[in-house]
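Scroll down for the structure; my scribbles are underneath it.
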Amino acid sequence: MIRHSSNERYCAELADIIQQQQLSAVFQPIAALNQATAYGFEGLIRGPSGHPLHEPQQLFQAAEQSQCLPQLDRACHQVIIQAFIEQQLPGKLFLNVCPLSLMHATFRADAMLDFMHAVGLDPSRVVIELTETQATRDYALMAHTLQHYRDLGFQIALDDLGEGYASLRLWSELKPDFVKIDKYFIQGISRDRQKRQFVRSIQHIALSTVCNVIAEGIENHAELAVIQRLGINLIQGFLIGRPETKPKPLLDFPKSQTETPLQIGQGSSHAGALLQIVPSASQTDSNETVWRRLTQQADLSAIPVVDNERPIGLIKRSDLLELFSRPYSRELFGARSCSTQMDCHPLIVEQATSLTELARLLTCCERGDLNDGFIITEQGRYLGMGTGRDLIRAMTELQISAARHANPLTGLPGNVPIQDAISQYLQTECNFTVVYVDLDHFKPYNDIYGYARGDELLQFCGQLLQNSVDPQLDFVGHVGGDDFILLLRSPHWRSHCEQILSDFQRQLAAFFKPAHWQAQSYVAHNRQHQLQRHPLVSMSLGAVEIVASDYQSHHEVASHASSAKHMAKTQIGNSLFIASAAAP
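Note that the sequence shown covers residues 0 to 583 in numbering that gives the first Met the number 0.
Pasting the structure below:
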């Protein structure tokens with residue numbers, strides 16, 4: 000805290016710091032759970048090392064007291080932008096801006112834009128992060144000012160939601176592209192039901208207003224697990240990375256979080272979806288301590304024992320109950336380490352384990368495992384537990400949903416799951432490639448060979464598409480008839496498409512008579528009921544690389560994909576047309 004007797008000296012020193020360019024930038028990564036590279040970085044500022052104004056709190060307090068916040072903000076932005084470009088950091092740059100500076104007459108958007116153009120930073124990569132250090136009373140003026148920045152290509156974020164002045168009103172009035180939940184609501188969320196409910200409500204509002212939530216202050220795996228369960232995709236905190244002068248563009252992020260299968264409209268289909276946060280015991284805890292916890296929490300059937308974040312066993316309620324029900328057993332064994340009573344070989348699964356595989360593992364275990372539950376880990380580190388009852392419920396919901404929305408011929412997801420998949424990608428700003436797959440000249444084939452053979456050809460196509468993509472990253476849907484949709488997250492999507500066309504051509508001869516195959520054509524009625532020679536069936540792929548932030552709904556994606564398909568069909572034979580990545 001700066002004392003008033005030192006204010007004048009510090010304010011003078013602040014002016015020297017700005018003039019002599021003694022500010023330095025540090026960057027903290029913001030991660031998306033569906034990608035290994037950083038989604039973006041928050042640019043932070045530091046004063047001279049060893050100086051009383053080194054820390055940003057003292058730095059900005061001195062600026063506020065000397066009434067030079069706009070000058071400091073402007074200087075900070077230039078330092079941060081310059082460092083961001085020099086390091087060639089990927090993703091978006093989040094720039095903190097004080098509301099008073101933003102609305103100050105000397106703080107001009109065009110000046111910032113000119114500097115960005117000079118160093119080669121496009122405004123579409125910059126997010127203006129509005130800090131809530133002062134009350135904002137003129138909401139109309141603030142909204143008008145921010146709209147000007149939006150018109151120039153910037154995005155807007157509201158920092159520290161839940162703290163400070165009128166957070167929810169600011170959200171409603173300013174309609175930001177991002178909201179950052181204050182770290183108070185994240186820290187300890189795995190142990191606090193009210194915090195979980197608050198964050199769940201924020202996420203629900205964000206989804207309905209097309210706003211992205213960023214969870215700040217994540218410091219441990221338990222907090223991260225809860226955030227994942229709540230469906231929040233953007234995260235920030237010491238667990239992800241600390242502020243650094245030269246941060247790593249590639250995050251050291253668990254594979255199970257960056258390459259989990261997309262869950263479509265039917266809840267999640269992996270073990271992580273069943274996660275319940277159960278605080279663990281350690282080997283130093285006594286049997287009496289663990290029993291006391293079990294009696295206080297009637298819904299717990301077991302407590303895991305964890306050593307250095309790794310689960311080493313499971314203490315079951317039934318085992319302790321049986322032990323303590325014997326005469327003098329409590330006196331004899333109560334003070335001993337709980338490890339003496341733990342099951343040393345419990346079922347332990349990674350959170351990315353599919354529910355189908357989990358069900359298979361449980362059927363191979365003893366019956367007690369279904370009742371007592373199983374341990375869920377993340378690259379071997381303890382996350383929480385799941386129960387057999389929840390697994391059965393989830394499997395039932397998956398089967399009902401799959402049957403309701405699947406295409407009856409191929410068994411592939413139909414229109415509803417396809418739309419849900421695209422919407423989920425857009426909401427989480429997960430870039431992907433949509434490929435519209437269509438069979439050319441399919442009607443004449445049906446007319447000559449009959450609908451039964453036509454159905455076999457469609458089933459072959461559906462299986463071919465499934466076999467040609469990455470099941471962990473990609474999605475295959477059947478729109479209907481001879482139309483299919485691929486949603487590809489794999490970086491090798493182009494080679495997947497080329498392989499599909501190659502395999503299709505190689506296996507297609509089995510569906511034609513030798514004479515037709517040799518002639519590469521046959522005679523059938525056209526749509527005007529006139530006899531006409533038609534080419535054999537071919538496959539057209541229309542692909543569009545989707546930048547999620549450029550699209551508002553699945554309708555826009557479908558329209559762009561349909562246009563690409565029509566362009567592909569103008570080419571003769573099997574074809575792949577790749578549309579430009581421009582927004583619709």
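Idealized CB from N, CA, C, for every residue including glycine.
Name, in chain order, the residues that DSSP records as bridge partners for Ser23.
-> Arg45
Between which two residues does the beta strand (DSSP E) containing Lys182 stretch?
-> It is not in any beta strand (DSSP E) - Lys182 carries neither H nor E in the DSSP assignment.
Could you tell me the distance, in whole angstroms, from the CA atom of Ala11 to the CA atom of Asn95?
-> 23 angstroms
Do three or more CB pairs link the region 531-544 to the region 495-513 at distances below 8 angstroms?
-> yes
Would DSSP call Met0 helix, strand or coil?
-> Per-residue confidence for Met0 stands at a pLDDT of 46, beneath the threshold of 50, marking its modelled position as unreliable; the derived number appears in the next sentence. In the structure shown, Met0 sits in coil (DSSP, three-state: anything other than H, G, I, E or B).
Within this structure, are the beta carbons of His559 and Ala578 separated by less than 8 angstroms?
-> Contact: yes.
If we count the other Cβ atoms within 10 Å of its Cβ and call it buried at 16 or more, is Ala563 buried or exposed?
-> buried
Among the residues of its own chain, which have a CB less than 6 angstroms from the CB of Leu58, if the five just before and after it don't count?
-> Gly46 and Leu52
beta-carbon Ile231 near the ligand SAH non-hydrogen atom, thresh 7 angstroms = As presented, the structure is devoid of all ligands, the ligand SAH included, so that no description of it is given.
Buried or exposed (CB count within 10 angstroms, at least 16 for buried), Lys179 = buried
Tell me which same chain residues have a C-beta within less than 6 angstroms of the C-beta of Gly271, skipping the five on either side of it?
-> Gln350
Inspect the CB distances between the region 102-110 and the region 63-75 and report whether three or more fall short of 8 angstroms.
-> The region 102-110 vs the region 63-75: in contact.
Determine the direct distance from the alpha carbon of Gln27 to that of Asp306, and round the result to whole angstroms.
-> Across the structure, Asp306 and Gln27 are spaced so that their CA atoms are roughly 30 angstroms apart.
For Gly461, which of helix, strand or coil comes out of DSSP?
-> helix
Going along the chain, which residues of its own chain have a beta-carbon closer than 7 angstroms to the beta-carbon of Ile16, five neighbours each way excluded?
-> Cβ contact annotation for Ile16 (same chain, cutoff 7 angstroms, sequence separation greater than five): Leu22, Gly46, Pro47 and Leu52, in chain order.
Identify, in the order they occur along the chain, each residue of the same chain with its Cβ nearer than 7 angstroms to the Cβ of Ile584, setting aside the five sequence neighbours on each side.
-> The shown model of the chain, from 0 to 583, leaves out residue 584, and the question about it has no answer.
Mapping DSSP to helix, strand and coil, what is Val277?
-> coil
Grouping DSSP H, G and I as helix and E and B as strand, with all else coil, what is Ser317?
-> The three-state reading of DSSP puts Ser317 in helix, counting H, G and I together.
Range of the contiguous alpha helix (DSSP H) that encloses Glu222 | Residues His220 to Arg228.
Measure the C-alpha to C-alpha separation of Gln256 and Val289 and round it to an integer number of angstroms.
-> Confidence at Gln256 is low in this model, with a pLDDT of 38, below 50, so its placement is unreliable and the value that follows should be read with caution. If you take the alpha carbons of Gln256 and Val289, they lie about 31 angstroms apart.
Using the DSSP secondary-structure output, state which residues sit across from Tyr521 in a beta bridge.
-> By DSSP's assignment, Tyr521 forms a beta bridge with His533.
Is DSSP giving Asp159 helix, strand or coil here?
-> strand
Could you tell me how far apart the beta carbons of Tyr521 and His528 are, in whole angstroms, since I believe they sit closer than 8 angstroms?
-> The pair is not a contact, with the Cβ atoms about 17 angstroms apart (cut-off 8 angstroms).
Coarse secondary structure for Gln154, derived from DSSP in three states = strand
Pair within 8 angstroms by beta-carbon distance, Leu233 and Ala31 = Yes, the Cβ-Cβ distance between Leu233 and Ala31 is below 8 angstroms.
Span of the beta strand (DSSP E) around Leu32 = Careful: Leu32 lies outside any beta strand (DSSP E) and carries neither H nor E.
Applying the criterion that 16 or more other CB atoms from any shown protein chain within 10 Å of the CB defines a buried residue, is Phe237 buried or exposed?
-> exposed
Do the CB positions of Asp473 and Leu487 come within less than 8 angstroms of each other?
-> yes
Could you check the C-alpha separation between Asp158 and Leu229 for me, to the nearest Å?
-> 20 angstroms
Cβ shell of Ala82 (< 7 angstroms), same chain only, five flanking positions each side left out = Ala24
If you draw a straight line from the alpha carbon of Leu485 to that of Pro248, how long is it in whole angstroms?
-> For Leu485 and Pro248, the gap between their C-alpha atoms comes out near 29 angstroms.
Length of the line joining the Cα atoms of Pro98 and Gln20 = 23 angstroms
Pro470, DSSP secondary structure in three states | Correct three-state label for Pro470: coil.
Pro416 (DSSP reduced to helix, strand or coil) = Helix.
Own chain residues within Cβ distance below 7 angstroms of Thr259, not counting five before or after | Its pLDDT being 39, under 50, Thr259 is placed unreliably in this model, and the coordinates cannot settle the point.
When Ile375, Ser574 and Ala420 are compared against Thr432, the one with the closest alpha-carbon | If we check each option's Cα against that of Thr432, Ala420 comes out closest.
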